[in-house]
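Below: the structure, in structure tokens.
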Amino acid sequence: MSKHVSTKKRTLLFVAFGWVLLILGDRVGDLELYQGSFVATYALAITSIILLTGYSGQLSLGQSALMAVGAYAGALTIFNAGLHPIIGLFMAALVAGIFGLILGLIAARLSGPYLAGTTLALAISLPTLANQFPILGAEEGIVFDVGLPPARFGEEFSQYKWFFWISCLASLIMVWFIANLLSTKYGRTFRALRDNPIAAELSGINVGRLKVVAFAISSGVTGLSGGLLVMLISGVSPSAFPLSLSFALLGGAVVTGLYNLKGVILGGLVLVAIPEIADSLVSRIGGSEGFITILPGFLVSALLILAVVFTPNGPGHLIKRHHKK
Amino acid sequence: MIRNKNMKRASLVSAVIATGAMVLSTLPAQAATPGVTASEIKLGISSPLTGSAGLSYGKVPGAMKAYFNYINANGGVYGRKINLISRDDKYLPTLAATQTTNLVLKDNVFALVGALGTATHSKAYKAAALAKNNVPDLFINTGFSGFTDKTKYPTTFMVLPTYAMEAKVMAKVIKDNFPGQASFLLAQDDEFGSDGVAGFKTAGHTFSATPILYPQGSMTAARAEGALSTLAAAAPGKPVLVLFGTTDVTATILKAAEKLELTKKFTFLAGSVGADANTLLALGVKSTTVDGIVSASFMPDAKDLTDPYVKQFSDINTKYNKGITFDNYVLAAMNSAMLTVQALRAAGKDLTRAGVISAIENKGAKFASAGLVPLGYSPTSRIGYNGYWVSQLNAKGEGKPYGGKLVVYSTDSGAGAVEVSTFVRPTMPKNGIPTNS
Amino acid sequence: MTQFITTVLTSLSSGAIYALMALALVLVWRSTRVINFAQAGQAVLTTYIGYTVIQRTGSYWLALVVAVISGAIIGAVIDRFFMRPIFKRIKSGPIVMIAPVVATLGLLGIIQAIIGFIWGLTNQSIEAPVSTGGYKVMGTIIAFSSYNLLVLVFVAIAMLLLTLLFQRTNIGLALRASAYSPEIARLSGVKVDAVRTLGWAIAGASGGLAGMLYIPGYFLYPNAMDLLLVFGFVAAVIGGLESLFGAVAGAMLLGFAINFSTTYISPKLFFPTAFIVLVLVLLIKPSGLFAAKKSRGA
Chain A
14 MSKHVSTKKR
24 TLLFVAFGWV
34 LLILGDRVGD
44 LELYQGSFVA
54 TYALAITSII
64 LLTGYSGQLS
74 LGQSALMAVG
84 AYAGALTIFN
94 AGLHPIIGLF
104 MAALVAGIFG
114 LILGLIAARL
124 SGPYLAGTTL
134 ALAISLPTLA
144 NQFPILGAEE
154 GIVFDVGLPP
164 ARFGEEFSQY
174 KWFFWISCLA
184 SLIMVWFIAN
194 LLSTKYGRTF
204 RALRDNPIAA
214 ELSGINVGRL
224 KVVAFAISSG
234 VTGLSGGLLV
244 MLISGVSPSA
254 FPLSLSFALL
264 GGAVVTGLYN
274 LKGVILGGLV
284 LVAIPEIADS
294 LVSRIGGSEG
304 FITILPGFLV
314 SALLILAVVF
324 TPNGPGHLIK
334 RHHKK
Chain B
8 MIRNKNMKRA
18 SLVSAVIATG
28 AMVLSTLPAQ
38 AATPGVTASE
48 IKLGISSPLT
58 GSAGLSYGKV
68 PGAMKAYFNY
78 INANGGVYGR
88 KINLISRDDK
98 YLPTLAATQT
108 TNLVLKDNVF
118 ALVGALGTAT
128 HSKAYKAAAL
138 AKNNVPDLFI
148 NTGFSGFTDK
158 TKYPTTFMVL
168 PTYAMEAKVM
178 AKVIKDNFPG
188 QASFLLAQDD
198 EFGSDGVAGF
208 KTAGHTFSAT
218 PILYPQGSMT
228 AARAEGALST
238 LAAAAPGKPV
248 LVLFGTTDVT
258 ATILKAAEKL
268 ELTKKFTFLA
278 GSVGADANTL
288 LALGVKSTTV
298 DGIVSASFMP
308 DAKDLTDPYV
318 KQFSDINTKY
328 NKGITFDNYV
338 LAAMNSAMLT
348 VQALRAAGKD
358 LTRAGVISAI
368 ENKGAKFASA
378 GLVPLGYSPT
388 SRIGYNGYWV
398 SQLNAKGEGK
408 PYGGKLVVYS
418 TDSGAGAVEV
428 STFVRPTMPK
438 NGIPTNS
Chain C
61 MTQFITTVLT
71 SLSSGAIYAL
81 MALALVLVWR
91 STRVINFAQA
101 GQAVLTTYIG
111 YTVIQRTGSY
121 WLALVVAVIS
131 GAIIGAVIDR
141 FFMRPIFKRI
151 KSGPIVMIAP
161 VVATLGLLGI
171 IQAIIGFIWG
181 LTNQSIEAPV
191 STGGYKVMGT
201 IIAFSSYNLL
211 VLVFVAIAML
221 LLTLLFQRTN
231 IGLALRASAY
241 SPEIARLSGV
251 KVDAVRTLGW
261 AIAGASGGLA
271 GMLYIPGYFL
281 YPNAMDLLLV
291 FGFVAAVIGG
301 LESLFGAVAG
311 AMLLGFAINF
321 STTYISPKLF
331 FPTAFIVLVL
341 VLLIKPSGLF
351 AAKKSRGA
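Chains as they are written, first to last, in the working numbering: chain A, 14 to 338; chain B, 8 to 444; chain C, 61 to 358.
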């Protein structure tokens, strides 16, 4: 059984990490801050996947749709209702969470590929719906403006640093919350549910309800990451959440290990770094126009496959059980 | 505690790779004017190279580079060579935002040229803080009229006429040439289509049925057949069918018309975005179907080698863009490249960002280009081409002036009238090498 | 009335097309318990191979045969050298579900890159082997051509042949056993790995057929079947992943739903209809319309 880090210890760890990020933020340039913000955002999205798939065993391809829900909720809150950006982000999580609750009620009855198919259909449908209602701004979308950094931070405090602070803070708080959740009885219950639903049911766990709860919380987290994402691109539009985003996030989650929250930052890093590496490699190698165009996509896919093949096998306690035999 | 050895190893490797990538992307010290040295001017373009949008627009950066290489071989701009850095954004706003930011912060370009797409570019503009950094955003590849708003996009210059302008010209064409007939509209359900719908409205044109707005990617053969048979049954005579979509959709609709033998039932009026004859033929549309399609354009046809600009660009393409067929996309791209070179020249030897912006404002309207319609740049206007001429495609895929005589219309995106323009195109600089200042 | 007839006919054609992909996906699922997202890439790749054959010989039918055979070979190769090593490493837990999804997605990207590299990125087209003009019925041209009929016929034949294979032959039994209970199958002497490769080969062949039937009505480019993959998958799930007949039935239902809703209600319902139909079906029957029994949890 893995040693349980106490809540106090975990909080200290997160705070310490937060300080490290703060200091790091002062040392690097705008580009790194911008990339770092994406890392934090993707890490958060991957956290939701770990909760949903790694812990409650439900495979969803609908992250992009839930991010869209959160993003639009947040944008509407800030732009149309004129409320403070923090409320916007909060609404992103809340609305997506409620949406996830409803979705979870449907999902709880489905398994494996059936759930995957449903969430897939959702992912391709939701962006179209955004075009339906004029209030959602059609293709140009709605502006998602978190405003300029507060004046008291001085002239040198760039917009990118502000993004970095917001995304890191939001992600840290959420990941801390989820980590705490998973270290409690809830976490063990989730794992029991995932590994052996029948046994779990027999020992009195309400499997259906638990799955719904997982879906709702996970969706809230995804919605928040959607809000952060559109903060970084200063606006939400239907084309910001294609199906390929769901796939990319899933890939990131697999690369870093589905069963453990520790890898999420690496997952985010990988999602940002790998396309960058592909681009730099290609510009170094050069070649015909066609070659240069295709190569980055090829490299990204190849690295993804390698990651899946070499990614660890199973959760720690299954190995333990193996040894016990 | 990371117990599993494999996981530890994978994590370590990932961390090393990721950190390495971050380090790789650190910038060197900045020059006074970013992207300009004594020997080089760096320009950047973020556009779709792969994915479905890449099919039509993937040729743009390569074509621009070909023209720039030609200029570089002939002295460059006051001795500076133009280096165009191209990044693939797959037509996704998130990618456009990051790629444009990369171009500005990492590649340190002097200016952006030819940015593509409305949703993509509007996000990229803000994300890369182009306004704040005063990065010139030249000759963008989209017709969405929102980009002419100087308060929102202070450094942006359009080049394509707006979709609203095109719709207004089309409305006039229908009114003048098909007065008694019914008319229908099939448009893509996004800013492109809705800009068009708005344009028809401002021009006072009402369609015989509510315009059919289809989500991108949903116009399948089945849908096209359904739409066409409904419309054909709805109107007697020979109604006008306006198609405001991309070329692959136009092809799908035309092929459906072939299947239902409705090709002669309608007069097809295809918007410039979706009327590239070469592509239509390559996608399997019969030449007899293409024959007679009415379209609008602001450039000469890429097959018209009697036009000096077309001939010159075609020659450059053969020499500097090997393996790529010369078509309307290549023509338009090289045309923008030529405008860019003139803009850079007009800004003077002491090249600054503010300088190039004011150069286009003050001198841009007089730049030489292949366009058969006037350029609308001025200190108060960021509009590029502000008109269209009406063309008709023939079985060979050539676009000839509708009615035999070239008539150029000029208008605005608002309620202004559509007027016949007396515009005379500036003579092409010798060998296609601008010498303006 | 004409609109109704046209919509019925176009629904049949759409349904047939979705069925092509759904069949291939159900085949892979029934024989290997994997959702193969690379199917879209494999099918397009074999179609490009077919395209090259047409360029050289001018014969569509020869190209079709070549596409089907190369589809089988490619499918087998993918299983043997790609999926098998993955399955050796990943044994249990939700990762069993998700790893193949991610792996086949990566594979899809690689295949599309390879296609772009070999054949370039521009649109191509393949001419249909039979007329695409609508039949003339009682004086009017209807929205149904010889080509549409051809696709329907092929779908029906494929479905029947494959169902026979699965239900009536020893190989079919071995395929189902290996997918459902590999350990027991192995104990019974079935060479599970080889059988699985065979399953992928059959699915690949079916994908090859799908591509060559789909593309002539559309265009050929690396991402040409991406959307079809999504709709094919939804159709397969609607029908219940356990039966080939279900795949076709689900595809038909989807085709009808989408065409009717977009024609009579709004063109904007194209994508949402897929979701709505799927949810409605699964609310009534969580394992799809024609699943024989309640499907086990993954």
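Glycine included, every Cβ here is placed at the ideal spot set by N, Cα and C.
Which same chain residues, not among the five before or five after residue i, have their C-beta less than 6 Å away from its C-beta?
| i | result |
| --- | --- |
| G150 (chain B) | L167, T169, Y170 |
| V204 (chain B) | P218 |
| G70 (chain A) | R207 |
| A78 (chain A) | L135, A136, L139 |
Given a threshold of 16 other Cβ atoms within 10 Å of its Cβ, counted over all protein chains shown, does residue i qualify as buried or as exposed?
| i | result |
| --- | --- |
| H97 (chain A) | exposed |
| R297 (chain A) | exposed |
| D286 (chain C) | buried |
| N438 (chain B) | exposed |
| K113 (chain B) | buried |
| M61 (chain C) | exposed |
| E265 (chain B) | buried |
| G355 (chain B) | exposed |
| L26 (chain A) | exposed |
If you reduce the DSSP assignment to three classes, tell me which class residue i lands in.
| i | result |
| --- | --- |
| Y85 (chain B) | coil |
| L238 (chain B) | helix |
| Y281 (chain C) | coil |
| N148 (chain B) | strand |
| T429 (chain B) | coil |
| L115 (chain A) | Checking the sequence shown, residue 115 (chain A) turns out to be Ile, not Leu. In the structure shown, I115 (chain A) sits in a helix (DSSP, three-state: H, G or I). |
| Q63 (chain C) | helix |
| T200 (chain C) | strand |
| Y274 (chain B) | One point to set straight first is that residue 274 (chain B) is Thr, not Tyr, in the sequence displayed. Of the three classes helix, strand and coil, the one that applies to T274 (chain B) here is strand, per DSSP. |
| L72 (chain A) | coil |
| L34 (chain B) | With a pLDDT of 43 at L34 (chain B), under the threshold of 50, the predicted position of this residue should be treated as unreliable, and no value is reported. |
Strictly under 7 Å for the Cβ-Cβ distance: is residue i near chain C by that measure?
| i | result |
| --- | --- |
| L290 (chain B) | yes |
| F27 (chain A) | no |
| L267 (chain B) | yes |
| P222 (chain B) | yes |
Ordered along the chain, which non-local residues of its own chain (more than five positions away) have a Cβ less than 8 Å from that of residue i?
| i | result |
| --- | --- |
| V297 (chain C) | G310, L338, L342, G348 |
| N319 (chain C) | T67, T70, S71, S74 |
| L279 (chain A) | V268, T269 |
Per DSSP, residue i forms a beta bridge with which residues?
| i | result |
| --- | --- |
| S321 (chain B) | In the DSSP output, where bridge partners are listed per residue, S321 (chain B) has none listed. |
| S205 (chain C) | C:G194 |
| P408 (chain B) | B:S398 |
| M165 (chain B) | B:I147 |
| R94 (chain B) | B:S53 |
| I219 (chain B) | B:L193 |
Quick check on residue i - is its C-beta less than 7 Å from some C-beta in chain A?
| i | result |
| --- | --- |
| M143 (chain C) | no |
| S21 (chain B) | Its pLDDT being 49, under 50, S21 (chain B) is placed unreliably by the model, and the measurement read from it follows with that caveat. True, the Cβ-Cβ gap to chain A drops below 7 Å. |
| V255 (chain C) | no |
| P332 (chain C) | yes |
Is there at least one Cβ from chain B nearer than 7 Å to residue i's Cβ?
| i | result |
| --- | --- |
| F291 (chain C) | no |
| Y281 (chain C) | yes |
| N93 (chain A) | no |
| G346 (chain C) | Checking the sequence, you will find Pro at residue 346 (chain C) rather than Gly. No, P346 (chain C) lies away from the interface with chain B (no Cβ there is under 7 Å from its Cβ). |
| S73 (chain C) | yes |
| Q63 (chain C) | yes |
Who are the near neighbours of residue i in its chain, counting only those whose CB is closer than 7 Å to its CB and skipping five residues on each side?
| i | result |
| --- | --- |
| N283 (chain C) | Q172 |
| P307 (chain B) | D314, Y316, V317, A377, L379 |
So residue i contacts chain D; which residues on that side make the cut at Cβ distance below 8 Å?
| i | result |
| --- | --- |
| L167 (chain B) | No chain D is part of this structure, whose protein chains are labelled A, B and C. |
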